[in-house]
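First up is the structure itself, then whatever we jot down about it.
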Amino acid sequence: MSAEPKTGAPLAVLLPFKVEATRLSAPRLAPVHAALFGAGLALLAGTAWAQSGAAQLSPLEVIVKWAPLLLSGFVFNILISMVAMSLGTAAGLGLGLAMLAQNPLLSRIAWALTQFFRNAPWLVLLFFVMFLVPFQVTIFGVRIPLPDWAKATVGFSLPVMANVAEIVRGAVRSVPSTQWEAADSLAFTPRQIMWRIILPQCVKRMLPPWMNLYALVAMATVQASIVGVSEMLTLTAQVHTAEGGRPELFAPLYGFALLCFFLYCYPIDRFTARLERRFQIR
Amino acid sequence: MAAPTLSPAAWTPDQPIVQLIDVHKSFGSFEVLKGVSFDVKKGEVICIIGPSGSGKSTLIRCINALVPVSSGAIRVENIEVADPKLDKLALRRKVGMVFQQYNLFPHKTALQNVMMAPVHVLGQDKREVEERARALLQKVRLSGKENSYPGELSGGQQQRVAIARSLAMRPDVMLFDEVTAALDPETVKEVLVTIRELAEEGMTCLLVTHEMNFARDIADHIYFTDRGVIVEHGPPATFFTAASDPRTREFLSQVL
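If you're matching them up, the sequences are chains G and A in order. Taking the numbering used here, the leading residue of the first sequence gets 638, the next gets one more, and so forth. Taking the numbering used here, the leading residue of the second sequence gets 1208, the next gets one more, and so forth.
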């Protein structure tokens, strides 16, 4: 920004329209980047194919051939992320409210749980659940099998729970205490105050961090491949092997997985950013 | 705790509706209230004035148990406020309160703000409550603003919604905690008019206020607090002209 000290131009912070310029200097991801990325992949696939013999399928043909399988794996990733997010949100809401409880013992325990699950690597939690939870449970003589993917889902929902608990606690705390006073003086019970007056005000504040968390969970689900769940990354590795493990297929296949996740998470990220901006103006 | 002077079960309208006996309140080692006693009769309008930090807001908050007292007794009708087994909800149905910062629920419209407590706390019929809420909003001259959110209303309008919200619970006593202190001078009047009408209808009102002229007009009795005690009180006619306490005289000379 050109400074004009002689004319005594006001500071940049007072001129929002000028600050706009700084936006350009810090580019954010845009759909065009995804297109460029895709084009890069195609180019990569093309050159890789040129180097290989003509008898084999081109990388692009390999992707097209296996796309239905790979995409079904991707859908599985999405499913795991959604279920983990739902479980984690429900549990996290309870844990967050427990942290805010009047009972010091309850709030202390909830706090400790939250800290524990928030500060543990997600992969470690995943292993923890995979190997500590049996492959089936028997309840009243009914044997309920627990497939790997179900256990993995629970594994992901643990860090979600802790993060949601923290989001809930922070949002509730951010509501001015005068709201409690006003509701108190109208004879609402503490439970009514929380559910009818405080939490509804929090939804707006909680939505952006919650959606951010979801995007992280969606991307983290590929870690389930390490514990043998047949999600996209596992399938990608299997496809690579099935195609003879040709090194030139490596980048296109994994690039395809990258692209899928990008195309899924990027709109979430954009939407979150928009929500954040809208809520800030209010 | 002071010995009760009347049997709680036997409250009749000719007895004080609010009674404070030697109320003390400390926050940590800081004693905010150092023994405050007074009676309020049904239908009376009481104004509490005094310098900032003299414990006015704390005093008024003790009456609906938003602030627990350290010692002393407070009675509202037949409810013993300082009783550890106090039914807070029963007390707060009798005592309405309006705050300096309005404290409306921002996620609800004006009408919903007024309706919420009767519907969810008293469990009254929604349609009947809505009718009453609309009438109350009309009474505070806010017809047409039913569906506005607090953020879309001016300070004075928000404060009048807050008054209507409190009245919807049909309280017997109304507490006003510096309700015009956060308002623009132009909007102060519209809120004072509302309170005046309320007082004229016979509502028992306790006001903490800095509006001396309003206090002189409206109050049946004025209490002047300084450093946690009542140093002077009387009906406005004598209070403003013949205050005997030097601190009161000094305060009045500064604000009048």
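Just so you know, even glycine gets a beta-carbon here, dropped at the ideal spot from N, CA and C.
- Residues of chain A whose Cβ lies closer than 8 Å to the Cβ of G/Glu818 are, in chain order, Leu1273, Phe1306 and Asn1310.
- Neighbours of G/Arg833 in chain A, taken as residues whose beta carbon is under 8 Å from its own, are Met1323 and His1327 in chain order.
- By the C-beta criterion, the segment 1245–1259 of chain A is judged not to be in contact with the segment 1310–1330 of chain A, since fewer than 3 inter-stretch pairs fall below 8 Å.
- Interface criterion met: the Cβ of G/Ser822 is under 9 Å from a Cβ in chain A.
- At the C-beta level, G/Ala894 and G/Met843 stay beyond 9 Å of one another.
- Assignment of G/Ile715 by DSSP, reduced to helix, strand and coil, places it in the helix class.
- The Cβ atoms of A/Gly1351 and A/Val1398 do not sit closer than 9 Å to each other.
- Looking at the DSSP output, A/Met1304 sits in a beta bridge with A/Leu1382.
- Counted as a single uninterrupted DSSP element, the beta strand (DSSP E) harbouring G/Thr775 occupies residues Gln773 to Ile776.
- G/Val801 is positioned such that its CB atom lies no closer than 9 Å to that of G/Leu750.
- Chain A places no beta carbon closer than 9 Å to that of G/Gln752, leaving this residue out of the contacts.
- Buried is the label assigned to A/Ile1286, since at least 16 other Cβ atoms lie within 10 Å of its Cβ.
- Note on the segment 704–790 of chain G: whole alpha helix (DSSP H) runs with a minimum of 4 residues are 741–755 and 759–769, in chain order.
- Residue pairing for A/Ser1278: DSSP places it in a beta bridge opposite A/His1231.
- Legend: CB atoms of the segment 1417–1448 of chain A lying less than 9 Å from CB atoms of chain G are not found in any residue.
- Comparing alpha carbon positions, the residue from A/Ser1277, A/Phe1245 and A/Trp1218 closest to A/Ser1236 is A/Ser1277.
- In this structure, the alpha-carbon of A/Asp1427 lies about 12 Å from that of A/Met1410.
- The C-beta separation of A/Pro1443 from A/Ala1422 comes to about 7 Å, placing the pair in contact by the 8 Å criterion.
- Within the segment 896–912 of chain G, contact with chain A at the beta-carbon level (separation under 9 Å) is assigned to no residue.
- Boundaries cannot be given for G/Ile834, as no alpha helix (DSSP H) includes it and DSSP labels it neither H nor E.
- Contact fails between the segment 811–831 of chain G and the segment 873–881 of chain G, because fewer than three Cβ pairs, one in each stretch, are under 8 Å apart.
- In summary, the residues of the segment 834–858 of chain G whose CB is separated from some CB of chain A by less than 9 Å are Ile834, Pro837, Gln838, Val840 and Lys841, in the order they occur in the chain.
- The residue from G/Phe753, G/Thr873 and G/Trp847 with its alpha-carbon nearest to that of G/Ile804 is G/Trp847.
- Listed along chain A, the residues sitting closer than 7 Å to G/Thr815 by beta-carbon distance are Phe1306, Gln1308 and Asn1310.
- For G/Ser814, the enclosing alpha helix (DSSP H) covers residues Ser814 to Ser822.
- G/Val797 sits close to G/Leu724, with the two beta carbons spaced by under 9 Å.
- Per the DSSP secondary-structure output, A/Cys1412 pairs in a beta bridge with A/Val1252 and A/Met1381.
- Secondary structure of A/Leu1240 (DSSP, three-state): strand.
- The Cβ of A/His1314 sits closer than 9 Å to at least one Cβ of chain G.
- The segment 766–779 of chain G makes no contact with the segment 742–749 of chain G: fewer than 3 CB pairs, one atom from each, lie closer than 8 Å.
- Within 8 Å of the CB of A/Arg1299, the CB atoms of chain G belong to Asp821, Ser822, Leu823 and Ala824, in sequence order along the chain.
- Residues of the segment 1373–1407 of chain A with a C-beta less than 7 Å from any C-beta of chain G: Met1376, listed in chain order.
- By the C-beta density criterion, A/Asp1294 is exposed, having fewer than 16 other C-beta atoms within 10 angstroms.
- Neighbours of A/Leu1296 across chain G, judged by C-beta separation under 9 Å: Ala824, Phe825 and Thr826.
- Cβ neighbours of G/Thr726 within its own chain (closer than 6 Å, five residues either side excluded): Val801.
- Collapsing the DSSP output to three states places G/Gln693 in coil.
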